[in-house]
Amino acid sequence: ERMECVGGVSITETAAESQLFELLRQVVATTQCHTTLRVAGGWVRDKVLGLQSADIDFVVDNMSGPQFAEIVNTTVPQSVESMNVIKPNPDMHKLLTTAHVKIAGSDLEFSGFLPQASSESASPLPSSSSQQQPVQGTATDDALRRDFTVNTLYYNIHTRSVEDLTGQGLTDLQTKTLSTPKPAIETLNQDPLRALRAVRLSAKLHFDIH
991 ERMECVGGVS ITETAAESQL FELLRQVVAT TQCHTTLRVA GGWVRDKVLG LQSADIDFVV
1051 DNMSGPQFAE IVNTTVPQSV ESMNVIKPNP DMHKLLTTAH VKIAGSDLEF SGFLPQASSE
1111 SASPLPSSSS QQQPVQGTAT DDALRRDFTV NTLYYNIHTR SVEDLTGQGL TDLQTKTLST
1171 PKPAIETLNQ DPLRALRAVR LSAKLHFDIH
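This note's numbering puts the first residue of the sequence shown at 991, with every later residue one more than the last.
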């Protein structure tokens, strides 16, 4: 099924993806939890590029990922094959508790929005022994904390549209450019491994690093 998106860009859902998204929309409607579900990151990037992706990571806007996963598990237990909760690990630059859920053979991740970067964000994150899980942020906060603009695109499964909150993600996809949503030194210092990911992603997609 082909969905029209911003800037004339379109995404094609597979039959399995359409069934999965419809199931999750039904969970939201049935429980009246008023959650907006968005797929984030690599899945959206690859789909816009016309590639297939099995990496479906959801962000939820009004609760934590594990809270929504529990709602799914309670509402449609027959559809949930497994569910695991992963605690934050700031040492590995994992800030939020996430839930890994398998539904109909698909491995899904549910998390909240990453918080707005603090004034200390230009330096590496404190260790897990000295930092509590931060308060969940907004969709824009989440986008600005991600590694590259091409990974800041969201697919809203309710409106069936792509959201480019930085205003740069789709442009960089079209020009095959890897750039950071904030000044590069700030984005890379939040997680130094992003420099290696830039090299790998550039090689995989044949993009230029800006």
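Every residue gets a Cβ at the ideal spot worked out from N, C-alpha and C, and that includes glycine. Keep in mind it's a predicted model, so treat the numbers as computed, not measured.
Q.
Less than 7 Å between the C-beta atoms of residue 1065 and residue 1021, yes or no?
A. Here residue 1065 refers to the residue found at position 75 of the sequence shown. Here residue 1021 refers to the residue found at position 31 of the sequence shown. Taking 7 Å as the Cβ cut-off, residue 1065 and residue 1021 qualify as a contacting pair.
Q. What is the DSSP secondary structure of residue 1199, counted as helix, strand or coil?
A. Reading the sequence shown from its first residue, position 209 is the one you call residue 1199. Residue 1199: strand per DSSP, three-state reduction.
(Q) Using a Cβ-Cβ cutoff of less than 6 Å, which residues in the same chain neighbour residue 1144 once the five nearest sequence positions on both sides are dropped? (A) Within the sequence shown, residue 1144 is the residue found at index 154, counting from 1. Correct list, in chain order: 1028, 1030 and 1153.
Q. DSSP state of residue 1007, grouped into three classes?
A. Taking the sequence shown and counting its residues from 1, the one referred to as residue 1007 is at position 17. In the structure shown, residue 1007 sits in a helix (DSSP, three-state: H, G or I).
Q) Looking only at C-alpha atoms, which of 1162, 1146 and 1011 sits nearest to residue 1094? A) Residue mapping note: residue 1094 aligns to position 104 of the sequence shown, counting from 1. Considering only alpha carbons, the answer is 1011.
Q: Kindly indicate which residue of 1067, 1090, 1069 and 1197 has the alpha-carbon position closest to the one of residue 1075.
A: Within the sequence shown, residue 1075 is the residue found at index 85, counting from 1. Out of 1067, 1090, 1069 and 1197, 1090 has the C-alpha closest to the C-alpha of residue 1075.
Q | Among 1041, 1092 and 1166, the one whose alpha carbon lies nearest that of residue 1047 | A | Translated into the one-based positions of the sequence shown, residue 1047 becomes position 57. Of the listed residues, the one whose Cα sits closest to residue 1047 is 1092.
Q) What separation, rounded to the nearest whole angstrom, lies between the Cα atoms of residue 1167 and residue 1193? A) Stepping through the sequence shown from its first residue, residue 1167 is reached at position 177. Stepping through the sequence shown from its first residue, residue 1193 is reached at position 203. Their backbone Cα atoms lie some 12 Å apart in a straight line.
Q: May I have the straight-line CA-CA distance separating residue 1086 from residue 1148, to the nearest angstrom?
A: Locating residue 1086 in the sequence shown gives position 96, where the first residue counts as 1. Locating residue 1148 in the sequence shown gives position 158, where the first residue counts as 1. Each residue's alpha carbon lies about 24 Å from the other.
Q | Residue from 1175, 1191 and 1033 whose Cα sits closest to the Cα of residue 1097 | A | One-based indexing of the sequence shown puts residue 1097 at position 107. With distances taken between Cα atoms, residue 1097 lies closest to 1033.
(Q) For residue 1018 and residue 1180, I'd like the C-alpha separation in whole angstroms. (A) Your numbering for residue 1018 matches position 28 in the sequence shown. Your numbering for residue 1180 matches position 190 in the sequence shown. Approximately 33 Å between the Cα atoms of the pair.
Q. My guess is that residue 999 and residue 1038 are in contact by the Cβ rule of under 8 Å, so how many angstroms apart are they, rounded?
A. Mapped onto the sequence shown, residue 999 falls at position 9. Mapped onto the sequence shown, residue 1038 falls at position 48. Correct: roughly 6 Å between the Cβ atoms.
Q | residue 1152, enclosing alpha helix (DSSP H) - first and last residue | A | On the sequence shown, position 162 is the one that residue 1152 refers to. Element bounds for residue 1152: not the alpha helix (DSSP H) but the beta strand (DSSP E), 1151-1154.
Q. Hey, would you say residue 1133 sits closer than 7 Å to residue 1155, going by beta carbons?
A. For this step, residue 1133 is matched to residue 143 along the sequence shown. For this step, residue 1155 is matched to residue 165 along the sequence shown. Yes, the Cβ-Cβ distance between residue 1133 and residue 1155 is below 7 Å.
Q) What residues match up with residue 1048 in a beta bridge as DSSP calls it? A) Looking up residue 1048 in the sequence shown gives position 58. Residue 1048 pairs with 1029 and 1100.
Q) With respect to the beta strand (DSSP E) encompassing residue 1170, which residues constitute its N-terminal and C-terminal limits? A) One-based indexing of the sequence shown puts residue 1170 at position 180. Note, residue 1170: premise wrong, no beta strand (DSSP E); not H, not E.
**Q.** CA-to-CA distance, residue 1063 to residue 1170, given in whole angstroms
**A.** For this step, residue 1170 is matched to residue 180 along the sequence shown. For this step, residue 1063 is matched to residue 73 along the sequence shown. Approximately 36 Å, taken between the alpha carbons.
Q) Thinking just about the alpha-carbon of each residue, which of 1128, 1044, 1056 and 1137 is nearest to the one in residue 1187? A) Here residue 1187 refers to the residue found at position 197 of the sequence shown. Nearest option by C-alpha distance: 1137.
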